[in-house]
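Notes to accompany the following structure.
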Amino acid sequence: MLPAKTRDGQPTPDFEPVVGLGQLALRHACHAALSTFFVVVAGSVLPAADPAIPGNHPLTQAQAGELIIAELRCAACHKSDQPDSHFIKAAPDLSEAGSRISPEYLRKYLAAPSAVHPDTSMPDVLASRPEAERDQIADALTHFLVAQSKKTFQPEAPEESDSKRGRELFHSIGCVACHGPQEEIAKSPAPQNLDDAFDDDELLLPKKKEFQPIAVSLQHVGAKYSVTSLSNFLFQPLLVRHSGRMPDLKLTRNEAASIASYLLRAPAGSHQALEPQESLVTKGQQYFRELNCAACHTLPGTAPAPLIGSLRTADFSKGCLSATSLRSPKYNLAEAKRGAIVAALQEKPSPDSDEVVAAKTMTAFRCIACHERNDFGGVPQAYDAYFAGSEVKMGDDGRIPPPLTLVGAKLRPAWLKKVLFDGESVRPYMFTRMPQYGTANLQHLPDVVARLDVLEGREMQVVSSERRTPEEREREKVLRAAGRELLGDKGVNCIACHRFNGKDAPVNQGIDLLTTYQRLQPAWFDQYVRNPMAFRPRTVMPSAWSGGVASHKTILDGNADQQIEAVWYYLSLGTSAADPSGIRGVSTNLIVNDVPRLHRGRSQVAGYRGIAVGFPEKLNYAFNAETGTLSAVWKGDFINVNWSGQGSGNFNPSVRPIELAQDVSFVQLKSESDSWPLMPVMTKEEPVNPDPLYPKNVGYQFGGYALDEKSIPTFMYRSGTIEIEDRTAPGGSPEHSGLTRVLQFKSPESQTVWFRALTGQVSSESPQVYRSGQMQLTVPECETVVRAFGEEGRQSELLLRLELPQGESRLELLYEPIDK
């Protein structure tokens, strides 16, 4: 807990209640949030009188008030001298509200927001109007908002099969953390934690925290959405709510549709489409300006009104904070929230410390609904059963998101950014997913926790190959040989419970060891392996160097420091590290029968996030999801999967493939002469990725895939602001058969993007046909450029200049493997 102090550093008076924010007041259409407070009295954390208090958090009363002020966007109407905040929440995008939200719900909501959605932070701007006038204004605003949308709201009935799948997803991937369970879900009797494995007398484990969890109601969604509109929102929530309070859980299209069907299994309301009437649209636009809706919601042609009086000089008995005001917008605020706002405004403004910024961030974005940090947050006892994983023997390590205590000292900055902004995950066995909140919302956090979290320990710097002296090379050789032996079954046997380079472990399938060097900072690794329970008290991870004493005495003379450094040096080799003793590879040939088949895993032809797709026609391809590239094509048998059989594991084509480039495929070049941004190359000498954010830095972001009724995948990704759907299937003509690739683009504006279609020794067979090696590619009529690249221009690349219009467009290509 942060100490209960005022901003000038003075302790709060004894017995004076300090109210902190647990659930943030939220604006219209953002239903994922926190909503009440804790009272800190004389250093103890006690629940307030309200029995529905969610979570625990580290904020003082004034800090909570500052967060509420930012959430409610008070400075959108009032002059404010509050310090610049990372937490000012943008209102939802209304440009397509008419196609997203039921007109009936819109009308009722605008007339009385809190009556329709009690958890909303949308103020009642019509509170002082007579009921008949409220309904009239709400109706006009509804016509106006519906008229802004290009599409109309279309209701449809949910599919029962989708609803069942959505029920499972909702209660397993993390939705429960903020919304609570929607119904009781039967759980497996298999032990989910260590409580059943040890008596407390034998192993003193900390008890789970018992506090009132978050439970933001979703009862209004049945009246608000259609299956399609809710599915679209769940698929990409940040497009509508830019501030990330409702995060992106990286759902596939099918998963989003299933959860939408589940949440709308008992729809409320008539859900009738609305044809906007011109006279009401005009009135609605006038009301939109008169009520100053543009202060929070941006729409073309409507500017906000000038700011009014300062928040600091406001009369707290009147205006928005008054429950009896007849003129100001009326907020549905509990007394504790009003008190927190007043406390914040009565304090002298000053910049937040890093500690406060981190605490506010993790409270505002509900990181502490799943993660512990220091002595606050974590999964509450009431929701514990809904956090599960496939590796039950791992206990809490296999199902509970890891602590964020010292996370800035634990993760390398580049990896922390990959987790926060690219959805990187090394725990496939954990069902709960790491949400994505948007780069703009959390871009401050990595630097803040890096400054806050400092851990003393050895740095164990691995000297680069160019700078090593002969003595260092010899020492490194000894250390790496020892590290390999230590990890194996003749050493401390880490490979018993950790996967290694994609290969299964015999006991537990813990985090792949070869991600260690790329993820972790050396000082944290050094301290963690000596005493894992000091960092995660409920872990099943043993220590081979407890108390600084090596349990294995024959390697490096039993020197604990040298052994730990040896493991670190060995893991720095990355995927080029040879298998330790005890790794047993298993290979499985996957066959395609009557329907297409898909397999995900690492591959030399498709990278770390490779996806292989095979068709009954004996045509196959590989897709690199890390860069959004069709990276290999082959005829014949499908793939050979190593080590882990069907469903996961490394794969290789069963026959020699035609390999294509794995660099990103779409880039907005400034000019035709600009070099194509190439994927970083790692070698045995330089195993660490020099640019781990390469795809993101050039504008690429993967969005998952969906299978159609024929089980053919469509990959979804973004290049800059362009949404792309990418589907490849057998096609062509009897004379020219191969794989037809259809790319569907959706662009918010007219723009030019370059597509890198082919590399190697590219030659032109005709204006629309190009060849490189055994691949012939047919492209549509468009501007094409063949140019040299690479070392001394020994290779060439085919670029297509695509002039994309605003809205939707498509590109069709034919990949035709040519036999020699």
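Each residue of the sequence shown is one higher than the last, beginning at 1077 in the numbering used here.
Here a beta-carbon is modelled for each residue, glycine too, at the ideal position from N, C-alpha and C.
(request) Report the partner residues of T1400 according to the DSSP bridge assignment. (result) Residue 1400 sits at position 324 when you count from the first residue of the sequence shown. DSSP lists no beta-bridge partner residue for T1400.
(message) For M1609, tell me which candidate among S1619, W1600 and F1601 has the shortest Cα-Cα distance.
(response) Counted from its first residue, the sequence shown places residue 1609 at position 533. By alpha-carbon distance to M1609, the top candidate from S1619, W1600 and F1601 is S1619.
(request) Quick one: using the 10 Å Cβ neighbour count with 16 as the cut-off for buried, is Q1537 buried or exposed? (result) Taking the first residue of the sequence shown as position 1, residue 1537 is located at position 461. By the C-beta density criterion, Q1537 is exposed, having fewer than 16 other C-beta atoms within 10 angstroms.
(request) Return the residue from the list P1376, L1402 and S1795 that minimises the CA-CA distance to N1773. (result) Along the sequence shown, read from residue 1 onward, the residue named residue 1773 stands at position 697. Selection P1376, L1402 and S1795 evaluated against N1773 yields S1795 as nearest (Cα-Cα).
(request) In the DSSP assignment, find the unbroken alpha helix (DSSP H) run with L1148 in it and report its ends. (result) Here the question's residue 1148 lines up with position 72 in the sequence shown. For L1148, the uninterrupted alpha helix (DSSP H) segment begins and ends at Q1137 to L1148.
(message) Taking a contact to mean a Cβ-Cβ separation below 8 Å, would you say P1843 touches E1888 in this structure?
(response) Within the sequence shown, the letter at position 767 stands for residue 1843. Within the sequence shown, the letter at position 812 stands for residue 1888. Cβ atoms of P1843 and E1888: not closer than 8 Å.
(message) So for A1654, helix, strand or coil by DSSP?
(response) Residue mapping note: residue 1654 aligns to position 578 of the sequence shown, counting from 1. Note: A1654 maps to coil in three-state DSSP.
(request) State yes or no: is the C-beta of D1324 within less than 8 Å of the C-beta of Q1519? (result) The residue given as residue 1324 occupies position 248 in the sequence shown. The residue given as residue 1519 occupies position 443 in the sequence shown. Contact: no.
(request) Would you check if the distance between the CB atom of L1632 and the CB atom of L1590 is smaller than 8 Å? (result) Walking along the sequence shown from the start, residue 1632 turns up at place 556. Walking along the sequence shown from the start, residue 1590 turns up at place 514. For the 8 Å CB-CB criterion, L1632 and L1590 do not form a contact.
(request) State the beta-bridge partners of F1727 as determined by DSSP. (result) Taking the sequence shown and counting its residues from 1, one reaches residue 1727 at position 651. According to DSSP, which records beta bridges pairwise, F1727 is partnered with V1717.
(message) Please report the straight-line C-alpha distance between Q1603 and D1637, rounded to a whole angstrom.
(response) Taking the first residue of the sequence shown as position 1, residue 1603 is located at position 527. Taking the first residue of the sequence shown as position 1, residue 1637 is located at position 561. Approximately 11 Å between the Cα atoms of the pair.
(message) Just verifying my parser: in three-state terms, what is the DSSP assignment at R1365?
(response) Counting from 1 along the sequence shown, the entry for residue 1365 is found at position 289. In the structure shown, R1365 sits in a helix (DSSP, three-state: H, G or I).
(message) With three or more C-beta pairs closer than 8 Å as the rule, is the stretch 1309-1317 touching the stretch 1202-1216?
(response) Too few Cβ pairs lie closer than 8 Å, so no.
(request) Determine the burial state of E1467: buried for a count of at least 16 other Cβ atoms within 10 Å of its Cβ, exposed for fewer. (result) Position 391 of the sequence shown, counted from the first residue, corresponds to residue 1467. The residue is buried, with at least 16 neighbouring Cβ atoms inside 10 Å.
(message) In this structure, how does DSSP classify V1861 when only helix, strand and coil are distinguished?
(response) As a position in the sequence shown, residue 1861 is number 785, starting the count at 1. For V1861, the three-state secondary structure derived from DSSP is strand.
(request) Go to R1794, then tell me how far its beta strand (DSSP E) extends in each direction, as first and last residue. (result) On the sequence shown, position 718 is the one that residue 1794 refers to. Counting along the chain, the unbroken beta strand (DSSP E) around R1794 starts and ends at P1789 to S1795.
(request) Take the Cβ of K1579 as the centre, count every other Cβ of all protein chains shown within 10 Å, and call the residue buried at 16 or more, exposed below. (result) For this step, residue 1579 is matched to residue 503 along the sequence shown. Counting of Cβ neighbours within 10 angstroms places K1579 among the buried residues, the total reaching 16 or more.
(message) On the DSSP bridge list, what partners appear for M1506?
(response) In the sequence shown, the residue the question calls residue 1506 occupies position 430. Paired residues: G1465.
(request) Could you name the residues of the same chain whose beta carbon sits closer than 7 Å to that of G1567, not counting the 5 residues immediately before and after it, in chain order? (result) Taking the sequence shown and counting its residues from 1, one reaches residue 1567 at position 491. Within the same chain, G1567 has close Cβ partners E1561, H1628 and I1631.
(request) Could you tell me whether the stretch 1186-1198 touches the stretch 1331-1338, where touching means 3 or more Cβ pairs closer than 8 Å? (result) Short answer: they don't touch.
(message) Alpha carbons only, please: which of P1234, H1162 and K1155 is nearest the one belonging to A1434?
(response) Locating residue 1434 in the sequence shown gives position 358, counting from the first residue. Checking every option, the nearest Cα to that of A1434 belongs to H1162.
(request) Kindly list the residues whose CB is nearer than 8 Å to the CB of Q1224, restricted to its own chain and excluding five residues on each side of it in sequence; keep chain order. (result) By one-based count along the sequence shown, residue 1224 stands at place 148. Apart from sequence neighbours up to five positions away, the residues of its chain that approach Q1224 with a beta-carbon distance below 8 Å are L1170, S1171, E1172, A1173, G1174 and L1375, ordered along the chain.
(request) For G1385, collect the residues of the same chain with a Cβ closer than 7 Å to its Cβ; drop the 5 residues on either side in sequence, then sort them by chain order. (result) Looking up residue 1385 in the sequence shown gives position 309. Result list for G1385: H1154 and K1155, in chain order.
(request) Could you check how far apart the C-beta atoms of L1815 and V1681 are, in whole angstroms? I think they sit under 8 Å. (result) Position 739 of the sequence shown holds residue 1815. Position 605 of the sequence shown holds residue 1681. No, L1815 and V1681 are not in contact; Cβ-Cβ is about 15 Å, not under 8 Å.
(request) Return yes when the Cβ of G1242 is within less than 8 Å of the Cβ of Y1181, no when it is not. (result) As a position in the sequence shown, residue 1181 is number 105, starting the count at 1. As a position in the sequence shown, residue 1242 is number 166, starting the count at 1. Cβ atoms of Y1181 and G1242: not closer than 8 Å.
(request) Output the distance between the C-alpha atoms of A1782 and Q1639, rounded to the nearest integer angstrom. (result) Your numbering for residue 1782 matches position 706 in the sequence shown. Your numbering for residue 1639 matches position 563 in the sequence shown. C-alpha separation (whole angstroms): 47 Å.
(message) Check this for me: beta carbons of G1250 and P1289, under 8 Å apart or not?
(response) Position 174 of the sequence shown, counting from 1, holds the residue named residue 1250. Position 213 of the sequence shown, counting from 1, holds the residue named residue 1289. P1289 sits away from G1250, with the two beta carbons spaced by 8 Å or more.
(request) Would you kindly report the start and end of the unbroken alpha helix (DSSP H) that includes W1710? (result) Here the question's residue 1710 lines up with position 634 in the sequence shown. Under the DSSP assignment, W1710 falls outside any alpha helix (DSSP H), being part of the beta strand (DSSP E) whose first and last residues are T1705 to K1711.
(request) Figure out for me which residue from Y1505, V1495, A1864 and D1529 has the closest Cα to the Cα of M1470. (result) Locating residue 1470 in the sequence shown gives position 394, where the first residue counts as 1. The candidate whose alpha carbon is nearest that of M1470 is Y1505.
(message) For H1193, report the span of its alpha helix (DSSP H) as first-last.
(response) In the sequence shown, counting from the first residue as 1, residue 1193 sits at position 117. First-last for H1193: undefined, no H or E at that position.
(message) Checking the sheet assignment: what are the DSSP bridge partners for T1635?
(response) Locating residue 1635 in the sequence shown gives position 559, where the first residue counts as 1. Note that residue 1635 is Asn in the sequence shown here, rather than Thr. None, per the DSSP bridge assignment.
(request) Please go through the same chain and pick out, in chain order, the residues whose beta-carbon is closer than 7 Å to the beta-carbon of T1481, but skip the five residues on each side of it. (result) As a first step, residue 1481 must be located in the sequence shown, where it is residue number 405. Take T1481, set aside five residues on each side of it, and the residues of its chain with a beta-carbon closer than 7 Å to its own are E1448, R1449 and N1450, in chain order.
(message) Could you tell me the alpha carbon to alpha carbon distance between T1790 and L1674, rounded to whole angstroms?
(response) By one-based count along the sequence shown, residue 1790 stands at place 714. By one-based count along the sequence shown, residue 1674 stands at place 598. Each residue's CA atom was taken as its position, placing T1790 and L1674 some 11 Å apart.
(message) What does DSSP give as the partner residue(s) for D1802 in the beta ladder?
(response) For the purposes of this step, residue 1802 is identified with residue 726 of the sequence shown, where counting begins at 1. Answer by DSSP bridge pairing, in chain order: F1791 and L1819.
(request) Please state whether DSSP places W1830 in a helix, a strand or coil. (result) Position 754 of the sequence shown, counted from the start, is the residue given in the question as residue 1830. In the structure shown, W1830 adopts extended strand secondary structure according to DSSP, grouped into three states.
(request) Return the CA-CA distance between D1895 and W1830, expressed in angstroms with no decimal places. (result) The count along the sequence shown starts at 1 and reaches residue 1895 at position 819. The count along the sequence shown starts at 1 and reaches residue 1830 at position 754. The straight-line gap from Cα to Cα measures roughly 29 Å.
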